[in-house]
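Engineer: In terms of full-length UniProt numbering, the sequence shown opens at residue 1 and continues consecutively.
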Amino acid sequence: MSTTVPRLVVAAPSSGSGKTTVATGLMAAFSAAGLTVSPHKVGPDYIDPGYHALATGRVGRNLDAYLCGPELIAPLFLHGAAGADLAVVEGVMGLYDGAAGQGDAGPGGRGDLGSTAQVAKLLRAPVVLVVDASSQSRSVAALVHGFASWDPQVRVAGVILNKVASDRHEELLREALDASGVPVLGVLRRARQVRTPSRHLGLVPVAERRTEATESVAELAERVRSGCDLEALLALARSAPPLPEEPWEPPAPAPVPRVRPVVAVAGGPAFTFSYAEHAELLRAAGAEVAVFDPLRDTELPAGTAGLVLGGGFPEVYAPELSANEPLRRAVAELAASGAPIAAECAGLLYLARELDGAPMCGVLDVTARMTERLTLGYREAVAVCDSVPAVAGTRVRGHEFHRTVVEPEAGASPAWGLSWGGSRPGRRLEGFVRGAVHASYLHVHWAAEPSLARRFVNGCAEGAQSVGKGVRHERQR
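1. Tell me which residues share the same chain as Arg283 and place their Cβ nearer than 8 angstroms to its Cβ, disregarding the 5 neighbours each side in the sequence.
2. Helix or strand or just coil, what does DSSP make of Thr272?
3. At what residues does the beta strand (DSSP E) containing residue 532 begin and finish?
4. Pick helix, strand or coil for Asn62, following the three-state DSSP scheme.
5. Name the residue from Glu354, Ala302, His278 and Glu315 whose alpha carbon lies nearest to the alpha carbon of Leu76.
6. For Glu474, collect the residues of the same chain with a Cβ closer than 6 angstroms to its Cβ; drop the 5 residues on either side in sequence, then sort them by chain order.
7. Quick test of your reading: Arg61 and His40, contact by CB under 8 angstroms. State the CB separation rounded to the nearest angstrom.
8. Less than 8 angstroms between the C-beta atoms of Val130 and Asn162, yes or no?
9. Is the number of C-beta pairs between the region 341–359 and the region 399–406 that are closer than 8 angstroms three or more?
10. According to DSSP, is Leu35 part of a helix, a strand, or is it coil?
11. Considering just the uninterrupted stretch of the beta strand (DSSP E) at His438, what are its terminal residues?
12. Could you spell out the range, first to last residue, of the alpha helix (DSSP H) harbouring Leu177?
13. Report yes or no: do the region 436–444 and the region 318–331 share at least 3 C-beta pairs separated by less than 8 angstroms?
14. Would DSSP call Gly132 helix, strand or coil?
15. So what's Cys228 in DSSP terms, helix, strand or just coil?
16. How would you call Thr214, buried or exposed, if buried means at least 16 neighbouring beta carbons within 10 angstroms?
17. Between the region 137–155 and the region 18–27, do at least 3 Cβ pairs fall closer than 8 angstroms?
18. So, helix, strand or coil for Gly108, using DSSP?
19. For Met93, collect the residues of the same chain with a Cβ closer than 6 angstroms to its Cβ; drop the 5 residues on either side in sequence, then sort them by chain order.
20. With distance defined between alpha-carbon atoms, name the residue in Glu400, Pro340, Ala358 and Ala412 nearest to Ala390.
21. Who are the near neighbours of Ala464 in its chain, counting only those whose CB is closer than 6 angstroms to its CB and skipping five residues on each side?
22. Which ranges would you report for the alpha helix (DSSP H) in the region 320–368 if only whole runs of at least 4 residues count?
23. Could you tell me the alpha carbon to alpha carbon distance between Ala448 and Phe456, rounded to whole angstroms?
24. In the DSSP assignment, the alpha helix (DSSP H) including His145 goes from what residue to what residue?
25. Would you decide whether Gly108 is buried or exposed? Buried here means 16 or more other CB atoms lie within 10 Å of its CB.
26. By DSSP, does His445 sit in helix, in strand, or in coil?
27. Could you tell me if Leu374 is buried or exposed, where buried requires 16 or more neighbouring beta carbons within 10 angstroms of its beta carbon?
28. Mind checking which residues open and close the alpha helix (DSSP H) that includes Ala117?
29. Residues in its own chain within less than 7 angstroms of Pro301 by CB, not counting five upstream and five downstream?
30. To the nearest whole angstrom, what separates the beta carbons of Glu409 and Glu380, a pair I think is in contact under 8 angstroms?
31. Spatial neighbours of Ala461 within its chain, please: CB distance less than 6 angstroms, with the 5 preceding and 5 following residues excluded, ordered by chain position.
32. With a cut-off of 8 angstroms on the beta carbons, I'd call Ala270 and Val437 a contact; round off their distance for me.
33. Taking the C-alpha atoms as reference points, what is the distance between Arg199 and Tyr96?
34. Find out if the Cβ-Cβ distance for the pair Leu67, Arg397 is shorter than 8 angstroms.
35. How would you call Gly181, buried or exposed, if buried means at least 16 neighbouring beta carbons within 10 angstroms?
36. For Pro244, count neighbouring C-beta atoms within 10 Å of its own C-beta (all shown protein chains included) and say buried if the count is 16 or more, exposed if not.
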């Protein structure tokens with residue numbers, strides 16, 4: 001059975017061209033016009049999907065061919081786009097930029113894996129190229145021609161010109177592009193910058209500035225609505241062919257746990273980094289997911305049998321997290337009871353003894369501090385020892401994205417053995433396995449390895465059953 005989903009990929013020649021501005025503006029403009037819009041982001045980024053969700057009222061979802069494998073891209077897309085009138089996919093970096101040295105040889109050579117171009121091909125989706133035209137006129141035609149002809153399997157079907165200075169500038173650009181065969185579908189004038197503040201890891205997340213972010217998204221929608229041909233863009237999206245793949249669904253465990261354990265998942269402004277599929281996988285594996293805010297809640301959710309601490313910005317909120325002593329104590333007591341805890345990046349810092357001198361939960365005998373150095377990149381990982389989410393030898397792909405360091409870098413039982421390629425290949429042991437605690441800097445997309453969620457929930461169910469926590473499943477007939 002094939003599925004028809006009108007769809008567009010919004011790409012650019014390079015970062016900084018205006019992809020996020022245009023993609024978010026399109027999502028908001030089409031939503032304001034009454035369409036149900038499904039938002040997607042190529043790559044591992046957690047922040048842009050928050051703005052996409054604000055623009056559409058639907059969960060923003062990632063499509064990362066490195067983390068999940070090319071074979072999961074269309075199924076994950078169809079899962080997220082169910083019931084939508086239109087899907088808008090924001091690209092990452094330049095159109096043809098992927099994981100360095102990874103992927104199949106082809107028009108772009110090695111480095112295609114995880115690129116926007118690869119995702120566009122996997123989705124059979126037309127690409128709209130956002131071009132920063134601020135310092136060029138006729139040269140724009142050569143640039144667009146190069147991107148449109150580089151890979152014949154990538155359909156660059158339209159251009160949106162960004163930062164156009166004047167009517168005369170627009171006239172020169174359109175004249176140059178007439179011969180390219182790629183239509184101009186929008187022109188955005190150079191204007192006052194929409195307020196989208198950034199800091200050390202990119203845009204400030206929506207959860208930290210919801211009122212301002214709502215105003216920013218509304219302004220982007222109006223700018224795109226007035227500068228782009230929405231009817232032509234919608235017609236282009238509707239030209240995408242049906243997809244033959246089946247939508248992804250989180251696999252149900254066999255057998256179903258006798259107890260439905262409560263798994264507390266950290267949220268709020270300090271813990272905003274999570275893939276939507278993680279909660280879906282936890283529920284499918286038999287968990288009752290309860291979200292809490294470590295900044296404001298003084299207790300863990302009632303009946304908590306396991307804890308998931310995702311990524312975010314604890315370094316920004318270290319004083320406030322430290323001041324919530326009742327919750328820090330509750331987390332430490334939960335760990336001491338043997339309940340499973342899975343922590344990534346921000347979660348690792350929260351479990352440390354201290355972060356930049358501020359006391360944290362003290363579950364792990366490590367200290368954490370902020371630095372100027374950015375650790376960034378995809379990683380191959382293998383589980384070094386058995387833990388609640390993974391058996392020794394389990395192989396996954398993940399990514400790191402942080403400016404903090406922990407000392408020591410790994411415990412006596414490390415969480416992962418990491419390796420990476422590219423121009424500066426390397427390997428190292430990283431993270432901590434201590435009892436039922438698994439903590440690491442590595443972000444992993446569980447949809448690529450659903451066994452992580454199943455094992456974690458099974459561990460929670462065993463503990464919940466022994467102490468009478470959780471919600472019992474009804475007897476199956």
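Idealized CB from N, CA, C, for every residue including glycine.
Structural biologist: So, from the listed chains and residues:
1. Cβ neighbours of Arg283 beyond the five flanking positions: Pro250 and Val289.
2. Residue state, collapsed to three classes: coil.
3. Coverage of the chain is limited to positions 1 through 477, which leaves residue 532 absent and any answer about it impossible.
4. Here Asn62 carries a strand assignment [DSSP, helix/strand/coil].
5. Nearest C-alpha to Leu76 among Glu354, Ala302, His278 and Glu315: His278.
6. Residue placement at Glu474 is poorly supported in this model, since its pLDDT is 46, which falls under 50; the coordinates still yield a value, given next. Within the same chain, and ignoring the five residues on either side of Glu474 in sequence, no residue has its Cβ closer than 6 angstroms to its Cβ.
7. Contact flag correct, Cβ pair sits at about 5 angstroms.
8. At the C-beta level, Val130 and Asn162 come within 8 angstroms of one another.
9. Verdict: yes, contact present.
10. When secondary structure is reduced to three states using DSSP, Leu35 falls in the coil class, being assigned neither helix nor strand.
11. In the DSSP annotation of this structure, the continuous segment of the beta strand (DSSP E) that includes His438 starts and ends at Val437 to Ser440.
12. Following the DSSP letters along the chain, one finds Leu177 inside the alpha helix (DSSP H) bounded by residues Asp167 to Leu177.
13. Taking a contact to require three or more Cβ pairs closer than 8 angstroms, the region 436–444 and the region 318–331 do not qualify as touching.
14. It is Asp, not Gly, that sits at residue 132 in the sequence shown. Taken through DSSP and simplified to helix, strand or coil, Asp132 comes out as strand.
15. When DSSP states are grouped into helix, strand and coil, Cys228 belongs to the strand group.
16. Its Cβ having fewer than 16 others within 10 Å, Thr214 is exposed.
17. Short answer: they don't touch.
18. With a pLDDT of 49 at Gly108, under the threshold of 50, the modelled position of this residue cannot be trusted, and the question is left open.
19. The residues are Ser15.
20. Checked all of Glu400, Pro340, Ala358 and Ala412; the closest Cα to Ala390 is Pro340.
21. Once the five neighbours on either side are set aside, the close Cβ partners of Ala464 are Val259, Pro261, Ala305 and Gly470.
22. Correct list: 325–336 and 346–351.
23. Roughly 15 angstroms separates the two Cα atoms.
24. Run containing His145: Ser139 to Trp150, per the alpha helix (DSSP H) assignment.
25. Per-residue confidence for Gly108 stands at a pLDDT of 49, beneath the threshold of 50, marking its modelled position as unreliable; the derived number appears in the next sentence. When all chains shown are included, Gly108 counts as buried.
26. The three-state reading of DSSP puts His445 in coil, since its state is none of H, G, I, E or B.
27. So Leu374 ends up on the exposed side.
28. Residues Thr116 to Leu123.
29. Excluding positions up to five away in sequence, the list reads Val262, Ala264, Ala290 and Phe292.
30. Beta-carbon to beta-carbon, Glu409 and Glu380 are separated by about 18 angstroms, too far to satisfy the 8 angstroms threshold.
31. Pro257, Val259 and Pro261.
32. Not really, about 19 angstroms apart at Cβ, beyond 8 angstroms.
33. In this prediction, Arg199 scores a pLDDT of 46, lower than 50, which makes its location untrustworthy; no coordinate-derived value is stated.
34. Yes, they are a contact pair.
35. Exposed is the call here.
36. Exposed.
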